[in-house]
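Novice: Numbered according to full-length UniProt numbering, the sequence shown spans residues 1 to 489.
One structure, pasted below without further comment.
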Amino acid sequence: MADIEGLFVSFIKEMPSKRSPNRFPDTRRRAAHAKKPNNADLVGPPPVITARLALLAIVVGICSALLWKGRNRSDDWAPHWIAGLLVSRNQAAHIYDHDPEEFSTISGDVWYGVAGELPELWVHPFVQNPLVAYAMSFVVRVMSFETSTLVLAFLSGISITVLVASTYHLRRRRTIPIGIAALVTVATLGFPAVTDSFWLGQTTPLILGCLSFALAVSRRRPIISGVLLAFVSIVKLSPIAIVVVMCFFAYRRKAALIALSGNIVMAIVLFLVVDRSITAAWLERMGDVSDSVLIGMANQSLSGLLLARGEDVPIPIISVEDYPLWVRVVPVLVAFVFVVAALAVAWLHRTRSFEILVVSAWLVATCFSVIVWSHYSLSLIFPVMGLWLLAEEKKLRVWMQFTIAAVLFMVIFPGQTPLVIGPDLSGHHYFALLAMLIAFAALLVGSYVPWRLLVSGKDGIVERIQGEHGEPMLLFDMFVKSPGGRHRA
1 MADIEGLFVS FIKEMPSKRS PNRFPDTRRR AAHAKKPNNA DLVGPPPVIT
51 ARLALLAIVV GICSALLWKG RNRSDDWAPH WIAGLLVSRN QAAHIYDHDP
101 EEFSTISGDV WYGVAGELPE LWVHPFVQNP LVAYAMSFVV RVMSFETSTL
151 VLAFLSGISI TVLVASTYHL RRRRTIPIGI AALVTVATLG FPAVTDSFWL
201 GQTTPLILGC LSFALAVSRR RPIISGVLLA FVSIVKLSPI AIVVVMCFFA
251 YRRKAALIAL SGNIVMAIVL FLVVDRSITA AWLERMGDVS DSVLIGMANQ
301 SLSGLLLARG EDVPIPIISV EDYPLWVRVV PVLVAFVFVV AALAVAWLHR
351 TRSFEILVVS AWLVATCFSV IVWSHYSLSL IFPVMGLWLL AEEKKLRVWM
401 QFTIAAVLFM VIFPGQTPLV IGPDLSGHHY FALLAMLIAF AALLVGSYVP
451 WRLLVSGKDG IVERIQGEHG EPMLLFDMFV KSPGGRHRA
């Protein structure tokens with residue numbers, strides 16, 4: 001009997017209790033880890049722009065305006081200004097006057113008359129949404145053309161800082177350190193696409209700054225994100241591809257629906273405010289552009305590259321309407337390959353599916369468009385930022401660093417890059433397109449490798465990836481749960 005009592009007492013002592021916190025430590029640790037809430041899910045990620053980053057952006061904007069004062073030509077800003085003047089003078093019917101054979105050449109006495117009021121510029125036709133011209137009609141009433149170029153440079157400087165901070169946050173899910181933000185911003189300001197944008201008076205920095213910030217805050221600030229996406233969709237149609245992708249993600253769908261609602265509202269405003277003939281002229285102009293192949297030094301589209309192979313590339317943009325069908329089919333097929341690859345990588349690496357798909361959507365819409373201006377290479381910051389952060393993995397470090405160096409060398413020194421040597425101007429033709437495609441492909445490969453390391457059980461990266469959580473994605477969740485990650489509802 002004593003033996004039975006002793007055995008019972010020993011059994012009771014071995015049972016886990018609140019007084020024995022060290023019993024089964026591994027089990028308790030795993031249970032505590034499983035119950036521990038994810039702070040990002042409760043309060044959202046850290047802010048994209050802090051007070052110090054906002055101050056840095058303002059300083060960069062002021063310095064940009066002072067640096068470019070009197071040094072920029074603003075050839076590409078002039079069409080917006082002239083379109084605003086025409087609307088303010090009740091001559092809106094002429095805002096889409098253009099030379100039908102040369103894309104970049106104006107036509108008509110009205111345009112030449114207004115262009116003569118500006119400094120000596122190479123003025124191009126206006127091709128934006130009519131609402132942009134009507135918005136500019138208010139700007140031309142309150143400031144001079146020279147003042148507007150200073151304001152544009154100031155806003156562009158701010159946008160570059162926002163672009164750097166937002167792309168870092170999008171990939172890293174945390175606020176960029178102020179020191180890194182300052183260094184990367186200064187380096188980006190010296191990027192050829194940025195200097196070209198400042199010199200020509202392009203709105204590309206503004207568009208990319210708003211776009212990147214909208215993506216970074218789309219989960220935590222859906223209203224701000226949706227409004228910004230609607231705004232940039234008016235100026236440029238490519239962001240609509242990103243809005244469509246966001247509709248499939250539960251945490252981003254509200255921002256996407258707000259953006260779509262904003263576009264619907266703007267379409268109603270366009271219908272009510274703008275004369276039907278002007279809207280018809282704009283749609284006809286867009287149709288002519290989409291049905292043509294544009295050849296010229298400033299346009300680096302793949303269709304233009306294929307059509308102009310081996311021929312001298314003209315400096316004015318030539319619009320070609322009679323071309324072989326394969327010239328347009330090949331870019332579509334290449335784009336399809338990139339889309340399938342992006343979907344496959346996002347399916348496998350679910351913890352980063354949102355970042356992979358939205359960046360891929362933007363790069364596909366940019367690289368395979370009929371028009372790929374040289375300053376579009378500023379979009380390189382999306383894949384380059386991703387490659388830079390992927391370089392933190394030891395297995396990827398050398399390859400990612402080499403790819404970053406290669407694509408930056410291509411766009412900074414195009415004349416010395418054998419891959420981009422063209423028939424004239426020492427290879428300045430198509431360098432931006434090739435650099436973006438190489439960086440895009442490297443980003444997809446680099447995003448695939450961490451999943452392979454996770455599946456193979458490699459040390460180091462396993463704990464980090466398993467600690468992350470992906471987002472519910474409608475298209476993926478319709479099928480069997482993917483092996484590359486998990487998400488919280």
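Using N, Cα and C, we set each Cβ at its ideal position, and we do this for glycine too.
Compare the Cα-Cα distances from ALA63 to each of TRP326, SER159, SER74, ALA78 and report the closest residue.
Specialist: Rather than Ala, the amino acid found at residue 63 in this sequence is Cys. Nearest option by C-alpha distance: SER159.
Novice: Measure the CB-CB distance between ARG352 and SER261 and report whether it falls below 8 Å.
Specialist: No, they are not a contact pair.
Novice: Thinking just about the alpha-carbon of each residue, which of PRO324, PHE271, ARG252, ASP196 is nearest to the one in ARG73?
Specialist: Of the candidates PRO324, PHE271, ARG252, ASP196, the one whose C-alpha sits nearest the C-alpha of ARG73 is ASP196.
Novice: Who are the Cβ neighbours of ARG253 in its own chain at under 8 Å, not counting the five residues just before and after it?
Specialist: Excluding sequence neighbours, ARG253 sits near MET246, CYS247.
Novice: So the candidates are ALA135, VAL243, LEU150; which of them puts its Cα closest to the Cα of VAL273?
Specialist: The candidate whose alpha carbon is nearest that of VAL273 is ALA135.
Novice: Buried or exposed, going by whether 16 or more other CB atoms sit within 10 Å of the CB of ALA344?
Specialist: Exposed, since its Cβ has fewer than 16 Cβ neighbours within 10 Å.
Novice: Quick one: what's PHE249 bridged to in DSSP?
Specialist: BP columns for PHE249 point to MET473.
Novice: Would you call LEU157 buried or exposed, if buried means 16 or more other Cβ atoms sit within 10 Å of its Cβ?
Specialist: Inspection of the sequence shows that residue 157 is occupied by Gly rather than by Leu. Per the 10 Å Cβ criterion, buried.
Novice: Put ILE371 into one of helix, strand or coil per three-state DSSP.
Specialist: If DSSP states are grouped into helix, strand and coil, ILE371 belongs with coil.
Novice: Would DSSP call ILE295 helix, strand or coil?
Specialist: Strand.
Novice: If you reduce the DSSP assignment to three classes, tell me which class GLU355 lands in.
Specialist: Helix, per DSSP.
Novice: In this structure, does DSSP put ILE318 in helix, strand or coil?
Specialist: In the structure shown, ILE318 sits in a strand (DSSP, three-state: E or B).
Novice: Let me confirm a value: ASP275 is counted as buried when at least 16 other C-beta atoms fall within 10 Å, else exposed. Which label applies?
Specialist: Classification of ASP275: exposed, given that the 10 Å Cβ count is below 16.
Novice: Out of ASP322, LEU121, ALA439, TRP326, which has the shortest C-alpha to C-alpha gap to SER379?
Specialist: Per the Cα distances, ALA439.
Novice: So THR167 is in the alpha helix (DSSP H); what residue range does that whole segment cover?
Specialist: From DSSP, the alpha helix (DSSP H) with THR167 extends over 145-172.
Novice: Roughly how many angstroms lie between the CA atoms of ALA259 and VAL265, to the nearest whole one?
Specialist: One C-alpha to the other measures close to 10 Å.
Novice: Whole angstroms is fine: what's the gap from LEU389's alpha carbon to TYR112's?
Specialist: Roughly 50 Å between the two C-alpha positions.
Novice: Taking buried to mean at least 16 other C-beta atoms within 10 Å of its own C-beta, is GLU471 buried or exposed?
Specialist: Label assigned to GLU471: buried.
Novice: Are the region 330-342 and the region 351-369 touching, with three or more C-beta to C-beta distances below 8 Å?
Specialist: Short answer: they touch.
Novice: According to DSSP, which residues form a beta bridge with GLU102?
Specialist: The partner list for GLU102 (beta bridge, DSSP) reads ILE318.
Novice: With distances taken from CA atoms, which of THR149, LEU152, LEU150, THR185 is nearest SER166?
Specialist: Ranking the options by Cα distance to SER166, first place goes to THR185.
Novice: So, with DSSP's three-state summary, where would you put VAL186?
Specialist: Here VAL186 sits in helix by DSSP.
Novice: Quick check on this structure: which residue in MET143, ASN90, LEU475 has the alpha carbon closest to the alpha carbon of ARG350?
Specialist: Ranking the options by Cα distance to ARG350, first place goes to LEU475.
Novice: What did DSSP end up calling HIS94 once you bin it into helix, strand or coil?
Specialist: Three-state DSSP puts HIS94 in a helix.
Novice: In the DSSP assignment, find the unbroken alpha helix (DSSP H) run with VAL60 in it and report its ends.
Specialist: 51-68 is the extent of the alpha helix (DSSP H) around VAL60.
Novice: VAL411 lies in the alpha helix (DSSP H); which residues open and close that run?
Specialist: That run of the alpha helix (DSSP H) goes 397-412.
Novice: Quick check on the burial criterion: 16 or more other C-beta atoms within 10 angstroms. Buried or exposed for LEU437?
Specialist: Burial call: buried.
Novice: For GLU117, name the three-state secondary structure that DSSP assigns.
Specialist: GLU117: coil per DSSP, three-state reduction.
Novice: So, under 8 Å CB-CB, SER301 and GLU321 are touching, yes? Tell me the CB distance rounded to an integer number of Å.
Specialist: Not really, about 15 Å apart at Cβ, beyond 8 Å.
Novice: Taking only three categories from DSSP, how would you classify HIS124?
Specialist: Looking at HIS124 - three-state DSSP - the assignment turns out to be coil, as it is neither helix nor strand.
Novice: If we ignore side chains and look at the alpha-carbon of each, how far apart do VAL244 and ALA256 end up?
Specialist: Going by the C-alpha atoms only, they are around 7 Å apart.
Novice: Relative to the alpha-carbon of THR50, which residue among GLU102, ARG174, TRP122 has its alpha-carbon at the smallest distance?
Specialist: Selected option, being the one with the closest Cα: ARG174.
Novice: Alpha helix (DSSP H) containing ALA308: first to last residue?
Specialist: It is not in any alpha helix (DSSP H) - ALA308 carries neither H nor E in the DSSP assignment.
Novice: I'd like to know whether the C-beta atoms of ALA281 and TYR430 end up nearer to each other than 8 Å.
Specialist: Not closer than 8 Å, so no.
Novice: If you follow the alpha helix (DSSP H) that LEU325 is part of, which residue opens it and which one closes it?
Specialist: Neither: LEU325 is in no alpha helix (DSSP H) and is coded neither H nor E.
Novice: Could you check which residue in ALA346, PRO331, PHE191, MET473 has the C-alpha nearest to that of VAL445?
Specialist: Checked all of ALA346, PRO331, PHE191, MET473; the closest Cα to VAL445 is ALA346.
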